[in-house]
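Read through the structure below, which is laid out as C-alpha coordinates, and then see the notes.
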Amino acid sequence: MMKHMRIWAVLASFLVFFYIPQSYAGVALGATRVIYPEGQKQVQLAVTNNDDKSSYLIQSWIENAEGKKDARFVITPPLFSMQGKKENTLRIIDATNGQMPEDRESLFWVNVKAIPAMDKAKTGEN
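In terms of UniProt numbering, the sequence shown is residues 1 to 126.
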(Lines of atoms letter the chains of each structure in order from A; the text may use other names.)
(Lines give C-alpha, C1' and ligand atoms only; values in the text may rest on other atoms or scores of the structure.)
Protein backbone atom coordinates (compact mmCIF):
# COMPACT_ATOMS: atom_id res chain seq x y z
CA MET A 1 0.00 0.00 0.00
CA MET A 2 2.82 2.45 0.90
CA LYS A 3 4.63 1.57 -2.32
CA HIS A 4 1.57 2.50 -4.39
CA MET A 5 1.20 5.82 -2.56
CA ARG A 6 4.83 6.70 -3.27
CA ILE A 7 4.38 5.89 -6.95
CA TRP A 8 1.25 8.07 -7.12
CA ALA A 9 3.04 10.90 -5.30
CA VAL A 10 5.94 10.79 -7.76
CA LEU A 11 3.56 10.67 -10.74
CA ALA A 12 1.54 13.58 -9.39
CA SER A 13 4.74 15.60 -8.90
CA PHE A 14 5.80 15.02 -12.51
CA LEU A 15 2.36 15.97 -13.81
CA VAL A 16 2.41 19.21 -11.84
CA PHE A 17 5.79 20.17 -13.32
CA PHE A 18 4.67 19.39 -16.87
CA TYR A 19 1.54 21.54 -16.61
CA ILE A 20 3.10 24.62 -15.05
CA PRO A 21 2.88 27.39 -17.66
CA GLN A 22 6.28 28.67 -18.67
CA SER A 23 6.97 32.38 -18.67
CA TYR A 24 8.83 33.97 -21.57
CA ALA A 25 8.27 37.55 -20.46
CA GLY A 26 11.02 40.10 -20.22
CA VAL A 27 13.91 41.42 -22.21
CA ALA A 28 16.38 39.13 -23.98
CA LEU A 29 19.63 39.77 -25.83
CA GLY A 30 20.39 38.27 -29.23
CA ALA A 31 23.78 36.92 -28.07
CA THR A 32 25.72 36.19 -24.91
CA ARG A 33 29.00 37.38 -26.44
CA VAL A 34 29.78 40.10 -28.93
CA ILE A 35 32.94 39.62 -30.99
CA TYR A 36 34.32 42.74 -32.63
CA PRO A 37 36.44 41.70 -35.64
CA GLU A 38 39.49 43.81 -36.43
CA GLY A 39 38.86 46.37 -39.16
CA GLN A 40 35.08 46.38 -38.77
CA LYS A 41 33.47 49.76 -38.05
CA GLN A 42 30.55 48.45 -35.97
CA VAL A 43 28.76 45.34 -34.71
CA GLN A 44 25.13 44.89 -33.74
CA LEU A 45 23.32 43.29 -30.82
CA ALA A 46 19.57 42.60 -30.88
CA VAL A 47 17.43 43.43 -27.84
CA THR A 48 13.95 41.85 -27.74
CA ASN A 49 11.00 42.51 -25.43
CA ASN A 50 9.15 39.18 -25.25
CA ASP A 51 6.40 40.51 -22.99
CA ASP A 52 3.33 41.67 -24.89
CA LYS A 53 1.96 43.86 -22.07
CA SER A 54 5.00 45.50 -20.45
CA SER A 55 7.27 48.20 -21.73
CA TYR A 56 10.83 48.80 -20.55
CA LEU A 57 13.37 51.57 -20.49
CA ILE A 58 16.59 50.07 -21.86
CA GLN A 59 19.94 51.51 -20.77
CA SER A 60 23.22 50.23 -22.23
CA TRP A 61 26.91 51.02 -21.80
CA ILE A 62 30.39 49.53 -22.25
CA GLU A 63 32.84 48.78 -19.42
CA ASN A 64 36.48 47.70 -19.52
CA ALA A 65 37.74 44.50 -17.87
CA GLU A 66 38.03 46.32 -14.52
CA GLY A 67 34.34 47.26 -14.59
CA LYS A 68 34.79 50.97 -15.34
CA LYS A 69 32.91 52.79 -18.09
CA ASP A 70 35.06 52.94 -21.19
CA ALA A 71 34.83 55.45 -24.06
CA ARG A 72 36.80 53.35 -26.55
CA PHE A 73 33.49 51.97 -27.79
CA VAL A 74 30.25 53.87 -28.28
CA ILE A 75 26.93 52.07 -27.95
CA THR A 76 23.91 53.59 -29.62
CA PRO A 77 21.18 54.16 -28.64
CA PRO A 78 22.36 54.24 -25.02
CA LEU A 79 18.83 54.84 -23.70
CA PHE A 80 15.49 54.03 -25.31
CA SER A 81 11.97 52.88 -24.53
CA MET A 82 10.88 49.45 -25.73
CA GLN A 83 7.21 48.51 -26.06
CA GLY A 84 5.86 44.97 -25.81
CA LYS A 85 6.72 42.38 -28.47
CA LYS A 86 9.26 44.68 -30.13
CA GLU A 87 12.91 44.33 -31.10
CA ASN A 88 15.61 46.97 -31.33
CA THR A 89 19.25 46.83 -32.37
CA LEU A 90 22.16 48.21 -30.38
CA ARG A 91 25.11 49.35 -32.50
CA ILE A 92 28.55 49.10 -30.93
CA ILE A 93 30.99 51.43 -32.68
CA ASP A 94 34.79 51.45 -32.38
CA ALA A 95 35.78 54.96 -31.30
CA THR A 96 39.52 54.19 -31.20
CA ASN A 97 40.08 54.48 -34.97
CA GLY A 98 41.79 51.09 -34.96
CA GLN A 99 44.14 51.89 -32.06
CA MET A 100 43.44 48.68 -30.10
CA PRO A 101 46.42 46.41 -29.27
CA GLU A 102 47.16 44.11 -32.21
CA ASP A 103 49.22 41.53 -30.31
CA ARG A 104 46.38 40.36 -28.03
CA GLU A 105 42.62 40.30 -27.57
CA SER A 106 40.93 42.93 -25.43
CA LEU A 107 38.00 42.30 -23.10
CA PHE A 108 35.10 44.68 -22.60
CA TRP A 109 31.69 44.19 -20.99
CA VAL A 110 28.43 45.14 -22.72
CA ASN A 111 25.86 46.09 -20.08
CA VAL A 112 22.15 46.23 -20.87
CA LYS A 113 19.74 47.19 -18.10
CA ALA A 114 15.96 46.79 -18.52
CA ILE A 115 13.92 49.05 -16.24
CA PRO A 116 10.22 48.07 -16.20
CA ALA A 117 7.57 50.75 -16.60
CA MET A 118 5.35 51.46 -13.60
CA ASP A 119 1.59 51.55 -13.79
CA LYS A 120 0.59 55.07 -12.70
CA ALA A 121 -2.56 53.70 -11.04
CA LYS A 122 -0.43 51.46 -8.78
CA THR A 123 2.31 53.92 -7.79
CA GLY A 124 0.64 54.73 -4.46
CA GLU A 125 0.42 51.06 -3.45
CA ASN A 126 4.14 50.68 -2.68
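Glycine included, each C-beta is placed from N, C-alpha and C at the ideal position.
Item: What did DSSP end up calling residue 6 once you bin it into helix, strand or coil?; Value: helix
Item: In chain order, what residues of the same chain have a beta carbon less than 7 Å from the beta carbon of residue 107, not counting five sequence neighbours either side?; Value: 65
Item: Just checking my contact of residue 58 with residue 70 at CB under 8 Å: how many whole Å lie between their CB atoms?; Value: With a Cβ gap of about 19 Å, residue 58 and residue 70 do not count as contacting.
Item: Let me check understanding here. Comparing Cα to Cα, which of 117, 5, 111, 9 lies closest to residue 67?; Value: 111
Item: Any idea if residue 82 is buried or exposed, counting beta-carbon neighbours within 10 angstroms, 16 or more meaning buried?; Value: buried
Item: For residue 52, count neighbouring C-beta atoms within 10 Å of its own C-beta (all shown protein chains included) and say buried if the count is 16 or more, exposed if not.; Value: exposed
Item: Can you give the Cα-Cα distance for residue 30 and residue 6, rounded to whole angstroms?; Value: 44 Å
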